[in-house]
Structure formats: structure tokens, C-alpha cells
């Protein structure tokens with residue numbers, strides 16, 4: 001089978017957005033929706049941003065030439081309305097939609113597209129540049145076409161163009177922004193961004209709230225010819241505490257809330273005023289382990305692979321999944337979710353085996369009562385339950401787990417500085433291909449294997465080769481080997497994969513969180 005066609009048709013679990021197939025009533029056009037987020041964004045530039053709290057807002061502010069489909073299976077047209085490949089699959093020609101504009105009313109030109117893609121593909125400019133590394137040059141062809149020439153065959157290139165960092169920005173406005181470097185300009189520009197998405201930034205009080213207003217120049221209309229988005233305004237409130245988010249939702253102060261603890265799902269499903277949604281996802285939850293010899297000037301037991309394997313064996317994933325997710329999730333079989341192309345899990349990597357865990361710790365010379373610390377997100381019931389369950393399970397193996405709750409920004413800074421032993425982590429794919437997750441988890445040069453410090457040079461080489469491999473069978477074998485070697489190295493504690501839990505007022509229709517994580521408010525409406 002043609003690899004590109006296989007990639008587009010990879011089997012994700014299907015979904016239909018709440019009310020997505022129903023035409024919006026005229027009375028429901030407009031208005032404001034208030035949505036509770038668990039954490040605030042940090043940086044609203046699609047090239048330099050690197051966290052989901054940024055990415056899932058960026059996709060509402062900026063459009064890409066191609067877009068992911070709502071079921072996460074492939075790509076559809078965005079700012080581009082047509083595409084064609086050369087016979088050797090090395091040149092992609094894209095035609096822009098006529099009359100498209102940025103949120104300030106200025107036209108989106110082929111020069112903006114050329115500059116945006118060149119900026120996003122520059123390999124020292126943002127950690128996601130590797131997704132567009134195949135780009136050799138971008139040429140302008142008349143007033144409505146661009147020709148993208150590739151250095152090599154890239155099996156995931158169309159999917160990459162539908163990813164957030166390939167968003168189209170206004171060249172003149174960005175370059176006129178003050179700053180000595182691209183990163184400086186990006187930081188300043190993102191305070192007052194000019195985008196091409198369905199919404200535009202109106203106000204932002206960091207750590208408190210953010211308001212997006214409908215982009216009056218947005219290109220898309222619904223099937224009935226009604227201008228999108230339906231909503232006039234999106235109001236995001238930042239509420240880190242799970243219980244407070246839920247209380248505000250059920251009292252009517254919020255119209256929707258994300259990151260609902262799985263322990264509250266059944267309760268909210270029974271609430272007649274709430275739609276408790278479990279959207280199919282590519283989300284995996286795990287613990288990142290720091291594998292470096294020292295942390296904070298002290299010897300780090302996690303540097304020994306036997307200790308990392310022992311912690312995996314000592315964690316009962318079935319019990320953990322039931323405790324934390326109430327059976328909603330299932331144990332991980334790979335660092336890739338089972339809905340990711342080229343996933344090759346064949347059961348739990350480390351089935352529960354307390355005796356084997358104790359033996360590995362003894363072999364590694366780890367004394368009973370040895371303390372290891374873990375950072376969890378303050379206010380997160382799920383993360384606290386994970387850490388508490390692990391604390392009890394590992395105590396039986398002789399490991400004392402110290403739980404420290406901190407805020408998201410502090411935790412991210414500590415990870416970047418390698419100042420941690422363990423961290424509860426989650427991952428969601430942004431592209432319908434295994435390359436992104438693998439570059440993050442297993443490929444050292446990008447961010448040192450999810451900041452764990454683990455490196456296997458054979459894995460690095462396999463990953464680099466997979467990025468240009470045209471033979472589907474060979475590429476599948478490369479990813480199978482990467483997953484096997486990663487499992488043996490155990491830089492993470494495997495836990496579970498789970499859906500996205502989102503609670504919405506019954507007044508809200510048409511919201512969807514696609515398997516790649518994007519929060520799509522374009523066709524969301526709220527009845528009066």
C-alpha cells in the first residue's frame with residue numbers, strides 16, 4: 001500500500017463532536033463561552049512554543065495551509081484550497097484560497113507563506129523545526145501558489161503542514177517587531193499576535209484569564225453559508241484546582257472545563273445539566289525519570305537501568321489504572337499510544353512482578369528505604385492519586401517516594417534545568433505519525449529524550465534513517481526496534497493511555513477535542 005495513503009487512513013477511534021452535525025440556530029449565533037483551563041499559556045508563537053497549554057490555544061489563533069481532520073485520521077485543506085505533487089514526490093504545489101486575510105484585515109500573501117515556512121523549518125529555530133526539516137526551498141509561483149521543494153522523500157510531510165508550527169504569520173508585521181533575535185521578536189509579537197485562525201487575542205491577564213474574540217476576516221463558512229466562528233468571544237479562566245473547576249462548571253459559572261479527574265467522571269455523567277465527554281485521544285501518562293549520574297550534586301540511583309526497570313516492575317499498572325481512572329484508561333504498551341501509526345506494543349512492557357523488582361534493586365545495591373522524589377502538579381487530583389499509589393507500591397519494594405507538589409511553570413523550568421528525579425508527565429501527538437513522539441521520547445539530540453538524559457546512539461541513528469525512509473515495511477521495522485530498545489532502557493515508568501475528559505454545559509454544542517489534542521471551537525455555539 002502507498003505509505004502516504006496508509007498514513008492518512010491510519011485507524012484512530014472515530015468521534016463526532018457534540019452537536020457537530022446539527023446546523024446552528026440563528027438565535028445561537030454569537031455570544032460568549034467561558035471555559036475553565038487547568039493552566040495558563042506561556043508563549044503564543046507557533047514556532048517557539050513547546051507545551052500543550054500553548055499549542056491548544058495557538059490552533060485557534062493561527063491557521064495552517066492544511067489542517068488535521070476532526071477524527072485525527074489525516075489532513076484537509078486550510079488556507080490552501082488545492083495541492084499537487086510532482087511525480088517524484090519531491091515538489092508540492094499549494095494554491096491559496098482567494099481573498100484570505102489576517103486578523104488585522106491585511107491580505108495573506110504567498111510571500112507570507114514562503115517566509116513562514118522558511119522560518120518554521122530553520123533547524124535552530126524552535127524544537128519542532130524537525131517536522132519540516134525536509135524543506136529545501138519554498139518558491140513563489142504567481143500570486144496564489146507556492147512550490148515546496150524537499151531535500152528528500154518525507155512520508156509525513158502533508159501531516160507536518162497541518163501541525164501548529166507550520167502556521168502562517170504576517171511577514172511584515174513580525175519583522176517590524178522589536179527584538180534582536182527571532183526568539184525576541186516572537187516573544188514581543190505573541191503579546192499582540194496577528195493570526196489567521198478563527199479567533200484573535202483580545203486580552204490576557206497571565207495566570208488569571210484570557211479572552212479571544214471572533215476574527216471578522218476568517219475565511220471559513222459552514223455548509224449553510226454562515227460565517228464562522230459562531231461564537232463572538234471565548235473567555236478562558238485559569239483554574240489549576242480540579243475541584244474548583246468542577247464546582248464552577250456545575251454552578252453555571254463556566255460553560256466547559258478541561259482535565260476533569262477520572263474519579264469525577266461518573267458523577268458528572270449523572271448530572272442532567274452536564275455533557276461529560278471522553279474524547280478519543282493519543283494521550284499517554286507516564287513518569288519521566290532523570291537518568292543522569294547526579295541530581296543536585298547528589299548521586300542519583302535512577303542512573304542505573306536496573307533501578308528504573310525495578311520501579312516499572314514494582315508498579316501494578318492494572319491496579320493504578322483502576323485507582324486513578326476508574327477503568328476509563330488502559331495500561332501503556334509502548335511510549336507510543338496504541339492509536340499512533342507504527343505502534344508495535346505486544347502487552348505491558350513491565351508486567352507487575354514485585355519479586356523481580358526487589359531482586360533488581362538488590363543487584364543494583366540500592367538499600368531498603370532509599371528515597372526518590374517526584375514532582376506532581378499542585379491541584380491535580382489525578383497526579384496526586386498516581387503518586388500516592390506509586391508511593392505505596394514502591395514502599396513494598398523498599399523505595400521511599402517523596403511527593404512534592406509544584407505549579408506547572410516551576411516544574412517545566414526544573415525539567416529544563418535537569419533539576420528533578422521523577423516527574424508525572426503526559427504526551428499527546430500533534431501529528432498523525434510516530435516521528436514527533438519518538439523525537440521527544442527517544443531521540444537524544446532534540447531535548448535529551450524527554451529531558452531524561454537517556455541516550456542510545458543506535459536509536460538516534462534509527463530515528464534519523466526513518467525520517468527519509470520510503471519503504472513502509474522498513475520504516476515499520478525501524479520503529480519496532482526503537483520501541484524495543486527504549487523499553488529495555490526504561491527512561492520512563494509506563495502507566496496508561498486515556499481519553500480526554502471534558503465537561504460541558506448542556507447549552508454548549510459543537511465543541512470537539514480531536515485525538516491530536518486540538519481544542520476546536522470554530523463550530524462551537526452556546527444556546528441563550
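Residue numbers (my numbering): 1 to 528.
Even for Gly, the Cβ is constructed at its ideal location relative to N, Cα and C.
Note that this is a predicted model, so its numbers are computed, not measured.
Contacts around residue i, its chain only, beta-carbon distance under 6 angstroms, and the 5 residues preceding and following it disregarded
| i | result |
| --- | --- |
| residue 116 | 168, 169 |
| residue 84 | 93 |
| residue 259 | 38 |
| residue 107 | 101 |
| residue 81 | 95, 97 |
| residue 342 | 434, 476, 479 |
| residue 527 | 28, 507 |
| residue 386 | 324, 424 |
| residue 414 | 420 |
| residue 203 | 211 |
Opposing strand residues paired with residue i [DSSP bridges]
| i | result |
| --- | --- |
| residue 68 | 75 |
| residue 283 | 498 |
| residue 199 | 214 |
| residue 526 | 508 |
| residue 150 | 135 |
| residue 35 | 236, 256 |
| residue 371 | 400 |
| residue 94 | 83, 146 |
| residue 427 | 284 |
| residue 330 | 497 |
| residue 406 | 377 |
| residue 357 | For residue 357, which the question treats as bridged, DSSP gives no partner whatsoever. |
Selection from the options that minimises the alpha carbon distance to residue i
| i | options | result |
| --- | --- | --- |
| residue 345 | 339, 333, 337 | 333 |
| residue 65 | 109, 55, 105 | 109 |
| residue 236 | 41, 477, 90, 365 | 41 |
| residue 193 | 416, 163, 62 | 62 |
| residue 113 | 439, 141, 518, 233 | 141 |
| residue 340 | 415, 221, 280 | 280 |
| residue 525 | 68, 202, 162, 234 | 234 |
| residue 472 | 53, 34, 153 | 153 |
| residue 364 | 412, 392, 308, 403 | 308 |
| residue 302 | 88, 51, 491, 89 | 491 |
| residue 277 | 51, 89, 500, 518 | 500 |
| residue 248 | 522, 523, 503, 520 | 503 |
| residue 394 | 319, 521, 311, 436 | 311 |
| residue 377 | 370, 388, 368 | 388 |
| residue 240 | 251, 380, 439 | 380 |
| residue 251 | 238, 306, 268 | 268 |
| residue 403 | 218, 392, 53 | 392 |
| residue 89 | 36, 68, 147, 129 | 147 |
Separation of residue j from residue i, as counted between CA atoms
| i | j | result |
| --- | --- | --- |
| residue 43 | residue 187 | 7 angstroms |
| residue 304 | residue 172 | 52 angstroms |
| residue 184 | residue 178 | 8 angstroms |
| residue 329 | residue 286 | 13 angstroms |
| residue 32 | residue 244 | 21 angstroms |
| residue 418 | residue 263 | 32 angstroms |
| residue 119 | residue 47 | 8 angstroms |
| residue 493 | residue 351 | 12 angstroms |
| residue 284 | residue 155 | 24 angstroms |
| residue 99 | residue 105 | 10 angstroms |
| residue 270 | residue 407 | 31 angstroms |
| residue 121 | residue 127 | 10 angstroms |
| residue 457 | residue 445 | 10 angstroms |
| residue 554 | residue 373 | Given a span of 1 to 528 for the chain in the structure shown, any question on residue 554 remains unanswerable. |
| residue 410 | residue 427 | 18 angstroms |
| residue 532 | residue 79 | Residue numbering for the chain in the displayed model covers 1 to 528; residue 532 lies beyond these limits and cannot be assessed. |
| residue 382 | residue 321 | 11 angstroms |
| residue 86 | residue 149 | 10 angstroms |
| residue 157 | residue 45 | 21 angstroms |
| residue 443 | residue 416 | 16 angstroms |
Sequence-distant residues of its chain with Cβ nearer than 7 angstroms to residue i (five each side left out)
| i | result |
| --- | --- |
| residue 300 | 290, 292, 293, 294, 421 |
| residue 160 | 131, 132, 166, 431 |
| residue 390 | 315, 401 |
Cut-off 8 angstroms between Cβ atoms - residues of its own chain near residue i, not counting five sequence neighbours on either side
| i | result |
| --- | --- |
| residue 396 | 314, 354 |
| residue 144 | 95, 96, 98, 110 |
| residue 447 | 127, 440 |
Margin query: Would you call the segment 454–466 in contact with the segment 208–226, where contact means no fewer than 3 C-beta pairs closer than 8 angstroms?
Written below: Taking 8 angstroms as the limit for Cβ pairs, the verdict is that the segment 208–226 does not touch the segment 454–466.
Check: Any contact of the segment 189–201 with the segment 130–137, i.e. 3+ C-beta pairs under 8 angstroms?
Finding: Because the criterion of three Cβ pairs below 8 angstroms is not met, the segment 189–201 and the segment 130–137 do not touch.
Checklist line | Stretch pair the segment 247–261 + the segment 498–511: three plus CB contacts closer than 8 angstroms | finding: At 8 angstroms Cβ cutoff, the stretches touch.
Check: Does the segment 431–444 touch the segment 67–75, meaning 3 or more C-beta pairs lie closer than 8 angstroms?
Finding: Cβ pair count under 8 angstroms is three or more, so yes.
Next item on the list: Could you tell me whether the segment 198–212 touches the segment 49–64, using the rule of 3 or more Cβ pairs below 8 angstroms?
Entry: They touch, by the three-pair rule.
Item checked: contact_flag[the segment 509–519, the segment 480–489] where n(CB pairs < 8 angstroms) is 3 or more -> The segment 509–519 vs the segment 480–489: no contact.
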